[in-house]
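Contents: one structure, followed by commentary.
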Amino acid sequence: MLAILLYLGYFVSAIVRPAGASNEIVSFMIDRGEGVDEISAKLFDRGLINSRWNFAVYVLLRRWNNHLQAGEYQIPKNANIREVAEMLAVGRQASLERVITIIEGWTIDDIAGYLEREGIVQAADFREAAARLADKSPISALSDKPSGASLEGFLFPDTYRVFKGSTSEEIINKMLTNFETKLTLELRSIIANKEATIFQTITMASILEKEIRLSDDLSVAADVFYKRLRVSKPLESDATLNYVLPAALRKSRLSTADLKNSSPYNTYRYQGLPPGPIGNPGMKAIEAAILPQPNNYWFFLTTPDGETIFSKTAEEHIRNKQKYLK
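When you read off a place in the sequence shown, starting at 1, and then add 23, the result is the number in the working numbering.
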């Protein structure tokens with residue numbers, strides 16, 4: 024019985040796991056007379072499914088083995104077995120496919136709201152799925168994520184193709200698989216050599232994503248933050264505190280009262296990194312967090328037009344605030 028339950032758990036996970044991270048579209052042809060075995064072999068050879076056996080079993084369980092329709096299909100490489108099987112069983116072409124774009128820095132709540140507005144899934148369902156999967160995802164890049172921490176930071180911002188009817192779990196798994204692919208073994212090795220964790224690195228990247236608008240300044244700002252951590256100076260990031268403030272109270276310039284907030288995300292009040300990522304960073308912010316650019320700055324600010332102004336001393340920083348943040 025245990026073996027059966029273990030296999031069922033593996034099977035359910037396997038049929039919703041994307042074959043790959045790329046959203047490249049591949050033309051795929053089913054010729055008249057081809058059966059499940061031939062079709063599954065062709066799909067596997069093209070990299071469109073991750074298991075011939077699981078595809079065949081799923082098709083048989085759905086009683087679609089005599090209903091895979093001949094014709095030409097446009098299949099994204101990041102589809103999963105369930106999606107591919109349904110597409111072929113009903114002769115569904117790309118017209119039922121949706122393209123979604125997740126923006127760098129968006130939070131889980133931001134993504135949930137966007138997907139609801141696009142008519143993909145309900146926001147509440149997406150948030151609940153993200154919470155359920157937080158400690159269940161098998162991807163290795165999450166191995167050092169503290170138990171109980173959310174998936175914030177790991178839903179990789181990118182353009183995705185999803186089918187109408189896709190579940191929140193399937194969309195989340197696409198994003199996690201993409202993150203796993205983007206964070207290469209080389210990058211992970213650099214993180215490990217610095218005696219840091221992936222979770223810490225993504226937390227830093229998420230702060231950079233929110234604080235810095237110009238990509239060329241990301242690695243410079245990263246070094247500023249790391250220097251402050253090394254000497255136990257607070258990061259003093261507005262973005263970390265804004266993360267926990269209600270949306271209506273978030274602001275570009277925090278008040279004195281805001282800075283007294285007792286949240287552990289208040290990096291004016293508490294030293295070190297916040298408890299976790301404050302959004303889902305893009306690749307440039309992640310690379311900056313891994314490979315900071317050494318410099319002599321200790322402070323920076325972002326002007327209303329997006330320019331980053333760096334300072335070497337507190338006095339210089341105060342003058343820059345008076346000049347640029349009037």
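Just so it is clear, CB atoms sit at the ideal spot from N, CA and C, and this is done for glycine as well.
Taking a cut-off of 8 Å for Cβ pairs, the segment 71-88 and the segment 152-170 do not touch, as fewer than three such pairs fall below it.
Going by DSSP, leucine 208 is part of the alpha helix (DSSP H) stretching over 208-216. For leucine 264, the CB contacts under 8 Å within the same chain, skipping 5 residues up- and downstream, are Leu277, Asp281, Leu282, Asn284, Ser286, Tyr288, Asn289, Thr290, Tyr291 in chain order. The straight-line gap separating the alpha-carbon atoms of isoleucine 104 and alanine 244 is approximately 43 Å. Along the segment 153-186, the beta strand (DSSP E) occurs as fully enclosed runs of 3 or more residues at 182-186, listed in sequence order.
For glycine 114, the three-state secondary structure derived from DSSP is coil. In this structure, the CA atom of isoleucine 221 is about 26 Å from the CA atom of tyrosine 33.
In the same chain as phenylalanine 67, and ignoring 5 residues on each side of it, the C-beta atoms closer than 6 Å to its own belong to Arg75, in chain order. Shown here, leucine 324 sits in a strand according to DSSP, grouped into three states.
Judged by DSSP in its simplified three-state form, valine 80 adopts helix. Lysine 100 is not a Cβ neighbour of valine 59, given a cutoff of 9 Å.
Per DSSP, serine 238 is not a residue of any beta strand (DSSP E), being assigned neither H nor E.
Put simply, of Ile235, Ala157, Leu199 the residue whose alpha carbon is nearest the alpha carbon of glutamate 330 is Ile235.
DSSP places isoleucine 123 within a strand segment (E or B) once states are collapsed to three. By alpha-carbon distance to serine 229, the top candidate from Leu348, Pro300, Glu57 is Pro300. Leucine 84 sits away from isoleucine 62, with the two beta carbons spaced by 9 Å or more. In the DSSP assignment, glutamate 339 falls within the unbroken alpha helix (DSSP H) covering 337-347.
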